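So the structure is just underneath, and the comments pick up after that.
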Amino acid sequence: MSPPLAAKSRYSLQTRLVLAFGILLILFLGLAGFVLDRAFKESVAAAVEERLQLQINALIGVAEPDEDGFFLPGLQEARFSQINSGLYGFILDTAGNEVWRSPSALDLTLEQAGFMYQHVEAGQTMFGTMESQEQGRLSFASYGTFWPSFEEDLDAEFSFVVMETVEPTTAEIREFQSNLYVWFGGLALFLSIAQLLLLRWGMKPLQQLATEVSKIEAGEKDQLEQHYPPELQAVSNNMNLLIKSERERQSRYRTTLGDLAHSLKTPLAVISGILQQSKQKTSSGKNGNPESLTELDEQLERMNQIVSYQLKRATRSDKSGYLGVPVKVQPVIEKVIAALEKVYRDKQVTLEKDFDSDAVFRGEESDLMEITGNLLDNAFKYCHSRIRIIIKRNMDHLEIEIEDDGQGIAESDREWVLQRGARGDTLKSGQGIGLAVAVDIVSSYNGEIIVYTSDMGGARICVSM
Amino acid sequence: MRLLIVEDEDLLRAQLVKALEDADYVVDSSGDGETGLYQAREYDYDAAIIDLGLPKLNGIELIRTIRSDGMTFPILILTARDNWTDKVEGLDSGADDYVVKPFQIEEIKARLNALLRRAAGFARPTLDFTGLSLDTTAKRLIVNQNEVELTAYEYKVLEYLMLHPGKVVSKTELTEHLYDQDYDRDSNVLEVFIRRLRQKLDPDETLKPIDTIRGQGYRFNVPPSSS
């Protein structure tokens, strides 16, 4: 079973960085756009005010009082003289009565312009905008001034008012804004692409590491080989060390258990030999109790089976996360067959083979040999004269089918025989531990063994892992 | 039949030697691979029993060397490591059969018997010739459907000759394969056995099963049974 995953992170590193950078980009560009827009508008408004002030100054510069009010000869600005030019000048007295208007405002009254008179202190300028009936939106400036050398009957305080249609400045702002959008859009696009490229470049070692690790998991590689940036190199080195030490540990474990088996079994063999000698002596009429010797012999056999079985079990562990090179199945099974054909030479067994030569086993070769050895040994032992062996791939799975024309396994025994970890000491003498061992190994790879009846008459053992 | 046993565990080796000598085999033994190899090169064996876990030269290496030297006698391996990797490796290196420790001596005897018989080209435990058949399991001789009693030595001589039918077997070869090294080769005991065998196999002197080839040895000369 695979270890329980810690609460799985929903976002990959790349997604996190893209999201964070994206939000930052939107905020930054949005804010910058807003600020630039405001600044531009303010500067345009200031420019309008300055221009209006200049126009007022120009009016004051040429204004001469006459008996009707004011006379402004030689106006420099042509738009004052052109009807409906968009630039209009007025001079008002303190009651708000019009004293003078520029020729451009011939058709325009103050009411039409939407202008509400407000008194402005001398020397002060008031700026504002208003909505006119015909000219659309207008900006205006109103400047209060005294006229010292004026005739008695005329009020000496006046307001010079200049108004200008907003249209040109609005167009200017719109153009600026559309420019701003184009540039900022381009910038956003460029930054996004740059960000993706940078991310890809920056994340590449991590991706390589992930690919290599998955190759190791798939058994296509046995260690990390790429060179990584210093931050990752340490991780990669440590992983290699871990993989190596894990493999060494497994192999050491196996050797130790093998040695243990060797050192336990040779004395068992000696005791068994002594027993048989004693049995021969007692049966040839000397002292002794042949029954107790037979009992001893049986116990010895049981001990031997338990030792074998438990030692085999001890070398198995969870192999589902196996790190190793996949093993081609066909050569291994051919070796086992060659060995068994030698052992069962007298039996003249006919083999039918259907092998997918590309089938691989993602595990240790010794485990594959143990599985196929035990199953094929049973097939050779119990068959009449025919065995059929099929190796095939089913998606990611390896399937091995071994069937024979022997007695088969009774349906009532199948479940018992396939129980994982059927304990060695429950096995009766002569039953063999082959199938139980195969079941154990296959289970440790998260696979399963199913027993059917072959159309040849005997057992059909299907291994899938 | 002369056997070589290579097993490093003294007690086990002694048991095997004793049990196989009791079964009328001539047995040489050694406790390590190097000595085993020396013996295999020095003497002509009919079969060998080799433990895989040997000091100096391990069992697999020993078997490989024996085979690469061109020796073809059958080899039975003993292994304590009851796993298929070892079994397959052992058989692949040139052994013919394996027995996992601990074992019953009877099993070793049965396997050896089968190996010796197979090495001589007989698929079944009974060696069948026209009018004669030797059951190597029960060690019984049947002549024309009648069981004929044989002494242990007579049986050994006949079995050896029948396992090499048509081949001239010298006296030296026979004594080497059937008797211990300290056996007096000059004695005419062998000739006595052959004479007695001829009487038992062919009382009315029609079959003439064993030829004497002057100056060379004996030859078992009965055609295989047609059935």
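Protein chains in written order, with our numbering: chain G, 419 to 883; chain F, 368 to 594.
Beta carbons: idealized from backbone N, C-alpha and C, even for Gly.
Note that this is a predicted model, so its numbers are computed, not measured.
Nonlocal neighbours in the same chain, by C-beta distance under 8 Å from residue i, ignoring five residues either side
| i | result |
| --- | --- |
| residue 582(F) | none |
| residue 754(G) | 787, 790, 791 and 794 |
| residue 750(G) | 779, 783, 786, 787 and 790 |
| residue 459(G) | 591 |
| residue 595(F) | This structure leaves residue 595(F) out entirely; chain F is present only between 368 and 594. |
| residue 454(G) | 598 |
| residue 390(F) | 476 |
| residue 544(F) | 368, 369, 393, 411, 413 and 527 |
6 Å CB neighbourhood of residue i in its chain, flanking five on each side removed
| i | result |
| --- | --- |
| residue 492(G) | 480 |
| residue 467(G) | 545 |
| residue 551(G) | 530 |
| residue 776(G) | none |
| residue 576(F) | 568, 569 and 589 |
| residue 808(G) | 772 and 819 |
| residue 769(G) | 805 |
| residue 856(G) | 789, 792 and 793 |
CB of residue i within 9 Å of CB of residue j, strictly
| i | j | result |
| --- | --- | --- |
| residue 580(G) | residue 528(G) | no |
| residue 432(G) | residue 621(G) | yes |
| residue 436(G) | residue 614(G) | yes |
| residue 417(F) | residue 373(F) | yes |
| residue 499(F) | residue 529(F) | yes |
| residue 688(G) | residue 382(F) | yes |
| residue 806(G) | residue 874(G) | yes |
| residue 488(F) | residue 541(F) | no |
| residue 821(G) | residue 757(G) | no |
| residue 370(F) | residue 397(F) | no |
| residue 576(G) | residue 525(G) | no |
| residue 634(G) | residue 642(G) | yes |
| residue 463(F) | residue 486(F) | yes |
| residue 518(F) | residue 504(F) | no |
| residue 521(G) | residue 498(G) | yes |
| residue 447(G) | residue 612(G) | no |
Secondary structure of residue i, DSSP reduced to three states
| i | result |
| --- | --- |
| residue 874(G) | coil |
| residue 619(G) | helix |
| residue 581(F) | coil |
| residue 588(F) | coil |
| residue 451(F) | helix |
| residue 506(F) | coil |
| residue 831(G) | helix |
| residue 847(G) | Residue confidence for residue 847(G) is low, a pLDDT of 40 falling below 50, so the modelled location carries little weight and cannot support an answer. |
| residue 450(G) | helix |
| residue 749(G) | helix |
| residue 601(G) | helix |
| residue 608(G) | helix |
| residue 839(G) | With a pLDDT of only 47 at residue 839(G), under 50, the local geometry of the prediction cannot be trusted, and no value is derived from it. |
| residue 676(G) | helix |
| residue 556(F) | helix |
| residue 768(G) | strand |
| residue 533(G) | coil |
| residue 800(G) | helix |
Option in the options with minimal Cα separation from residue i
| i | options | result |
| --- | --- | --- |
| residue 584(G) | 503(G), 834(G) and 640(G) | 503(G) |
| residue 766(G) | 822(G), 611(G), 803(G) and 498(G) | 803(G) |
| residue 564(F) | 524(F), 589(F) and 555(F) | 524(F) |
| residue 692(G) | 712(G), 674(G) and 677(G) | 712(G) |
| residue 516(G) | 826(G), 550(G) and 534(G) | 534(G) |
| residue 475(F) | 585(F), 379(F), 574(F) and 404(F) | 379(F) |
| residue 696(G) | 709(G), 685(G) and 684(G) | 709(G) |
| residue 511(F) | 545(F), 504(F), 571(F) and 473(F) | 571(F) |
| residue 858(G) | 464(G), 490(G), 668(G) and 881(G) | 881(G) |
| residue 582(G) | 574(G), 548(G) and 667(G) | 548(G) |
| residue 522(F) | 546(F), 442(F), 537(F) and 533(F) | 546(F) |
| residue 478(G) | 507(G), 801(G) and 452(G) | 507(G) |
| residue 636(G) | 428(G), 616(G), 781(G) and 813(G) | 781(G) |
Beta-carbon proximity list for residue i, same chain, < 7 Å, skipping 5 on both sides
| i | result |
| --- | --- |
| residue 388(F) | 394 |
| residue 649(G) | none |
| residue 401(F) | 423 and 424 |
What are the residues in the segment 745-763 of chain G lying within 9 Å of chain F by C-beta distance? Along the segment 745-763 of chain G, going in chain order, the ones with a CB nearer than 9 Å to a CB of chain F are 750, 753, 754, 756, 757, 758, 760, 761 and 763.
Using a Cβ-Cβ cut-off of less than 7 Å, give me the residues of the segment 667-688 of chain G that come near chain F, in sequence order. Listed in chain order, the positions of the segment 667-688 of chain G with a beta carbon within less than 7 Å of a beta carbon of chain F are 676, 679, 680, 683, 684, 686, 687 and 688.
Short-range partners of chain G found in the segment 377-403 of chain F, where Cβ spacing is below 8 Å: Under the 8 Å Cβ criterion, the segment 377-403 of chain F contributes 378, 379, 382, 383, 385 and 386.
Which of the residues in the segment 458-472 of chain F, read from start to end, lie with their CB under 9 Å from any CB of chain G? Here the close residues are 458, 459, 462, 463, 464, 465, 467, 468, 469, 470, 471 and 472.
Mind checking the segment 767-790 of chain G against chain F and listing, in chain order, the residues whose C-beta falls within less than 8 Å of any C-beta there? Closer than 8 Å at the C-beta level to chain F, one finds these residues of the segment 767-790 of chain G: 783, 784, 787, 788 and 790.
Residues of the segment 441-454 of chain F with Cβ closer than 7 Å to any Cβ of chain G, in chain order: If the cut-off is 7 Å between Cβ atoms, the segment 441-454 of chain F has 447, 448, 449, 450, 451, 452 and 454 near chain G.
By the 8 Å beta-carbon criterion, what residues does the segment 475-486 of chain F contribute toward chain G? Those residues of the segment 475-486 of chain F that come within reach of chain G (Cβ to Cβ, closer than 8 Å) are 481 and 485.
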